[in-house]
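A.B. asks: For the sequence shown, the tail end lands on 1356 under my numbering, and the numbers increase by one without skipping.
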Amino acid sequence: MNAHMLSRFHYPFPMLKNPSADALQEITDNEWIDGEYLWLYRDDPDTRQKYKKTKTAHIASQWFPTASPERLKPICRFMLWTLYNDDKYEEGTPEESRLVHQRSVDVLRGNLTAEQAQIPLGGLLASLRKELLQFIPVESLHRFIAALDKYFKGLEQELIYKSKKAFPTIEECIAIREDSLCLFPFLELADVETKLPLPADIYGHPVIQRLKTLASQMMVYFNEVQSVIKDEATDSIYYNVVKVIQHNRNISLEEACLEDLRIHNEALEEFVHLQQSLPDFGEWHDAVVNRVHYISMTLSGWKNVSSKMERYNSLNGFPSAERVKSIIVPHQFFVK
1021 MNAHMLSRFH YPFPMLKNPS ADALQEITDN EWIDGEYLWL YRDDPDTRQK
1071 YKKTKTAHIA SQWFPTASPE RLKPICRFML WTLYNDDKYE EGTPEESRLV
1121 HQRSVDVLRG NLTAEQAQIP LGGLLASLRK ELLQFIPVES LHRFIAALDK
1171 YFKGLEQELI YKSKKAFPTI EECIAIREDS LCLFPFLELA DVETKLPLPA
1221 DIYGHPVIQR LKTLASQMMV YFNEVQSVIK DEATDSIYYN VVKVIQHNRN
1271 ISLEEACLED LRIHNEALEE FVHLQQSLPD FGEWHDAVVN RVHYISMTLS
1321 GWKNVSSKME RYNSLNGFPS AERVKSIIVP HQFFVK
């Protein structure tokens, strides 16, 4: 049912892929997974292989198809972070997530060094901050951090429901997953690719904010059908929109998937309408049209690349909960 249902999600958007995908995947596999961040899974080559198979650089390449290799690199580093962080802390506690949230944000703001943060991925975030500031102004970095803040708040809410083994309402679940999916931070990194930061009033414009929300929600609806097998295997059903619909309406899984698809298609219709009837942004109008164009491609790009991932299409494509929970901070990451 999974593959058949996913084939019913359609996007009228172009799909491009960065030609540097393979080169950046080599860096991800050899310099990061088996190099800089080897200590995370040093004695577990199977788990490292699973992360390699997820092809995080190829995901980034679908979302940032025109970025130069040097500008794509920090985005690929961040994409790898999202998997490492998700896998570790979606198996943690709300309290643990809250602590990692604060320290991660402080590293990105430059308020803490990686050593002071004492979190496993502090070094990765410190490198990310340094790389991003080569290409974007501080204001753009702050918008990215604010979006990441939303992600962590969504993750904490997921963990609260999971710890209680309770289902939220459908509306609550959509709001939580909209944030925890972690698409918003990537949308804020568009400045890295376009090399043209927009004025603050455009970033905050209600139509632009609504388009970002709709894009995130649509990706959630697709992802929930896609990852329902994984979520059932990891006891993450309490914040999977499909499982929440099934529970709250007491219907079959197939019926819940169809309802998820219906909601998705309503969001798609609204997105297309807003994209085709943007307000006049004056001298910035062409740049805004282009930015919305990039937002739309995250949806077609995600469907294309994720359909080939074992992480979502088998029970063997993601690391075991026990393994990711076992990561500890090595001695050199503690302040002496």
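Using N, Cα and C, we set each Cβ at its ideal position, and we do this for glycine too.
Cβ of Y1241 within 8 Å of Cβ of V1261?
C.D. replies: Yes, Cβ-Cβ distance for Y1241 and V1261 is below 8 Å.
A.B. asks: Give the secondary structure of L1145 by DSSP, where H, G and I count as helix, E and B as strand, and everything else as coil.
C.D. replies: Here L1145 sits in helix by DSSP.
A.B. asks: Taking the alpha-carbon of Y1259 as reference, which of M1035, W1101, L1273 and Y1181 has the nearest alpha-carbon?
C.D. replies: Selected option, being the one with the closest Cα: Y1181.
A.B. asks: Since I believe N1038 is in contact with L1092 (beta carbons under 8 Å), could you give me their beta-carbon distance rounded to a whole number of angstroms?
C.D. replies: Their Cβ separation, rounded to whole angstroms, is 6 Å, which keeps L1092 and N1038 in contact under 8 Å.
A.B. asks: When we look at the beta-carbon of A1077 and count the other beta-carbons within 10 Å, is it buried (16 or more) or exposed?
C.D. replies: The residue in question, A1077, is buried, as its Cβ has 16 or more Cβ neighbours within 10 Å.
A.B. asks: Helix, strand or coil, according to DSSP, for Q1358 in the structure here?
C.D. replies: Not covered by the structure: residue 1358. The range shown for the chain is 1021 to 1356.
A.B. asks: Could you tell me the distance, in whole angstroms, from the CA atom of Y1223 to the CA atom of Q1229?
C.D. replies: Straight-line Cα distance between these residues: approximately 7 Å.
A.B. asks: On the three-state DSSP scale, how would you describe Y1241?
C.D. replies: It is helical.
A.B. asks: Would you be able to state if there are at least three C-beta pairs under 8 Å between the stretch 1159-1178 and the stretch 1203-1223?
C.D. replies: At 8 Å Cβ cutoff, the stretches touch.
A.B. asks: For L1058, count the other beta carbons within 10 Å of its own beta carbon; 16 or more makes it buried, fewer makes it exposed. Which is it?
C.D. replies: L1058 is exposed by the Cβ-count criterion.
A.B. asks: Taking only three categories from DSSP, how would you classify L1201?
C.D. replies: The answer is coil: DSSP assigns L1201 none of H, G, I, E or B.
A.B. asks: Let me confirm a value: D1049 is counted as buried when at least 16 other C-beta atoms fall within 10 Å, else exposed. Which label applies?
C.D. replies: With 16 or more other Cβ atoms within 10 Å, it is buried.
A.B. asks: Of all the options I1156, H1225 and D1280, which has the alpha carbon lying nearest to the alpha carbon of P1299?
C.D. replies: It is H1225 whose Cα lies nearest to the Cα of P1299.
A.B. asks: Counting C-beta neighbours from all protein chains within 10 Å, is the total for D1107 16 or more, i.e. buried, or is it exposed?
C.D. replies: Buried: at least 16 other Cβ atoms inside 10 Å.
A.B. asks: At the level of alpha carbons, what is the spacing between L1153 and T1133?
C.D. replies: Each residue's Cα considered, the two are about 16 Å apart.
A.B. asks: Assuming contact is defined by CB atoms lying nearer than 8 Å, are F1291 and L1234 in contact in what I supplied?
C.D. replies: Result yes, Cβ atoms of F1291 and L1234 sit closer than 8 Å.
A.B. asks: Below 8 Å on the Cβ atoms is my contact criterion, and I expect L1231 with Q1296 to pass it. Report the Cβ-Cβ distance as a whole number of Å.
C.D. replies: 11 Å between Cβ atoms; not a contact.
A.B. asks: Once you ignore the five residues that flank V1127 on each side, which residues in its own chain have a CB closer than 6 Å to its CB?
C.D. replies: Only A1137, G1142, L1145 and A1146 meet the Cβ criterion.
A.B. asks: Could you name the residues of the same chain whose beta carbon sits closer than 6 Å to that of K1328, not counting the 5 residues immediately before and after it, in chain order?
C.D. replies: Answer for K1328: no residue qualifies.
A.B. asks: Which residue wins for smallest C-alpha separation from H1293, given the options D1251, V1248, T1254 and V1312?
C.D. replies: Ranking the options by Cα distance to H1293, first place goes to V1312.
A.B. asks: Can you tell which of S1183, D1066 and Q1177 has its C-alpha closest to the C-alpha of D1255?
C.D. replies: Checking every option, the nearest Cα to that of D1255 belongs to S1183.
A.B. asks: Return yes when the Cβ of F1204 is within less than 8 Å of the Cβ of S1236, no when it is not.
C.D. replies: Their beta carbons are under 8 Å apart, which means S1236 touches F1204 by this criterion.
A.B. asks: Going by the CB atoms, is the gap between I1047 and R1068 shorter than 8 Å?
C.D. replies: For R1068 and I1047, no; Cβs fall outside 8 Å.
A.B. asks: Report the residue ranges of all beta strand (DSSP E) runs contained in full by the stretch 1238-1298; include only those spanning at least 3 residues, in chain order.
C.D. replies: Whole beta strand (DSSP E) segments, 3+ residues: zero.
A.B. asks: What are the start and end residues of the alpha helix (DSSP H) that includes M1099?
C.D. replies: Run containing M1099: P1089 to Y1109, per the alpha helix (DSSP H) assignment.
A.B. asks: Which same chain residues, not among the five before or five after C1277, have their C-beta less than 6 Å away from its C-beta?
C.D. replies: If we look at C1277 and ignore the five residues flanking it on each side, its Cβ neighbours are M1025, V1245 and V1262.
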